Structure formats: C-alpha cells, structure tokens
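Beneath this line is the structure, given in structure tokens, with notes to follow.
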Amino acid sequence: MERLASHNGPTDGKIVRPSDKREAKKVALIQCAGSRDHNHLPYCSRICCLGSLKHAAYLREQYADAEIDIYYIDIRAHDKLDSFHQKLKNDPQVHFIKSKPAQIIEGEDGNPTVKGENTITREVYETGYDMVVLATGMQPSTAGYTPPVTLEQDDYGFIVPAPDSADGHISAGVASGPIDVSMSVQSATAAALKAIQAVRN
Numbered sequence: 001m002e003r004l005a006s007h008n009g010p011t012d013g014k015i016v017r018p019s020d021k022r023e024a025k026k027v028a029l030i031q032c033a034g035s036r037d038h039n040h041l042p043y044c045s046r047i048c049c050l051g052s053l054k055h056a057a058y059l060r061e062q063y064a065d066a067e068i069d070i071y072y073i074d075i076r077a078h079d080k081l082d083s084f085h086q087k088l089k090n091d092p093q094v095h096f097i098k099s100k101p102a103q104i105i106e107g108e109d110g111n112p113t114v115k116g117e118n119t120i121t122r123e124v125y126e127t128g129y130d131m132v133v134l135a136t137g138m139q140p141s142t143a144g145y146t147p148p149v150t151l152e153q154d155d156y157g158f159i160v161p162a163p164d165s166a167d168g169h170i171s172a173g174v175a176s177g178p179i180d181v182s183m184s185v186q187s188a189t190a191a192a193l194k195a196i197q198a199v200r201n
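Sequential numbering of the sequence shown, starting at 1, is according to the numbering used here.
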C-alpha cells in the first residue's frame, strides 16, 4: 500500500488494484492480520493501527467518493495521534467495524469478499471490495535463523536487551520488539548513551 501511494512507486502514487490497475474506491483495511493471534504472532505489533489510519487518509485524499471499512480488534492510537484517529472516525465515508474477519474469498464478480461477524452488533457480514489491505504483524529479521554473533533472543526472534553493555552488544529500536517511531528514537538515544559509557569505562 505504501508503494502504491508513493510518487516514486510502480503506479506514480495512484492507488489502484495491483491485479488490473482499476481504481480502488471501496477498500477494506484489516487490522491485526496475523498479530494478536495465538496461532501466529500473539503480540501487538504497535505500528499497524496508525499505518492503516494513514492508508485510509491516503485513499480519502485521492478519491473523494472512496468508501473505507476498517476492521479492528481495538485501535491503539495514543497521545497526539488520537486526534488523527478521531478525525477519521468523524469522516462519514470511513467506517470502523469491530471485528476480526473470519475469511476473505473471491466473490462472484471476481472481487475480494470479506466474511465475519461484527462483535458489537453480532451482525454477520459478507461484503465485497475493490481491494483488501492486510495490516500484517512485525517480525524480526532474525526470526528463523541464528545471527552471526551470540545474542539472546526471545521465542519470536527479538533480541533480549542485555542488562549492561559489558559484552559489547547493545540492541535498539525494533530489534528488541515491536515499537513505534517515537519509542525507537528514545531507544536509540538510550543505546547511544550506553555505548558512550562503555567506551569511557
């Protein structure tokens, strides 16, 4: 989705369906696709909610008649980012549906169809879209293989921060777990200070 919206992307910033290049005006954004799921990634990836909100804003800016459904477990937009969330909630063409869709199938018209149950109204839905965008979970690049240096990793492949920098390894940012940009900056600052202390000692 980011590549489609990018002006130096494959479509010069035009958000279209990758399959046939048709305009994507009715779009489903599905949160926690694989995250917060005991069969896959049980943790929250932290950045997905805001990523999907941003994608909804991209679509609304590009298509005045766009209709967007955001399927969510709960929206995690804290502090100043909550105002961005509220702005989209107040948009009559952006609909927030509390649900974790059960299935995505190909409809009779060839378009993707999302099936599931609204957890608030208990209404069973089967809705067709031009395009469905999944907010997939964040996984470490170390998942599934052993790094060239000895690093303690958790069950998912994230680096476990050492209590000190005595071994010469300092983790920062998303290397230690899913965090957003502001938290990554704080983590990197702390890592730099630890490195300075290690060199001085």
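All residues carry an ideal CB built from backbone N, CA and C; glycine is no exception. Small disclaimer: the values here were computed from a predicted structure and weren't measured.
- Annotated three-state conformation of K98 is strand, per DSSP.
- Contact between I97 and Y63 does not hold, since their C-beta atoms are separated by about 20 Å, which reaches or exceeds 8 Å.
- Note that the stretch 75 to 89 does not touch the stretch 106 to 114; fewer than 3 beta-carbon pairs, one per stretch, sit closer than 8 Å.
- Pairwise C-beta distances place the stretch 91 to 107 out of contact with the stretch 2 to 17, as fewer than three of them are shorter than 8 Å.
- Between L134 and I30 a beta carbon distance of about 5 Å is seen, short of the 8 Å cut, so the two are scored as contacting.
- Between K26 and E61, the gap from beta carbon to beta carbon reaches 8 Å or more.
- R36 is the residue among K80, R36 and G168 whose C-alpha sits nearest the C-alpha of S45.
- No Cβ-Cβ contact shorter than 8 Å links K100 with I75.
- In this structure, DSSP gives G177 a state outside helix and strand, which the three-state scheme calls coil.
- Relative to M138, the option among H38, I179, H169 and E126 whose CA is nearest is I179.
- By the beta-carbon neighbour count (other beta carbons within 10 angstroms, threshold 16), P161 is buried.
- For the pair D130 and V16, the Cα-to-Cα distance works out to about 9 Å.
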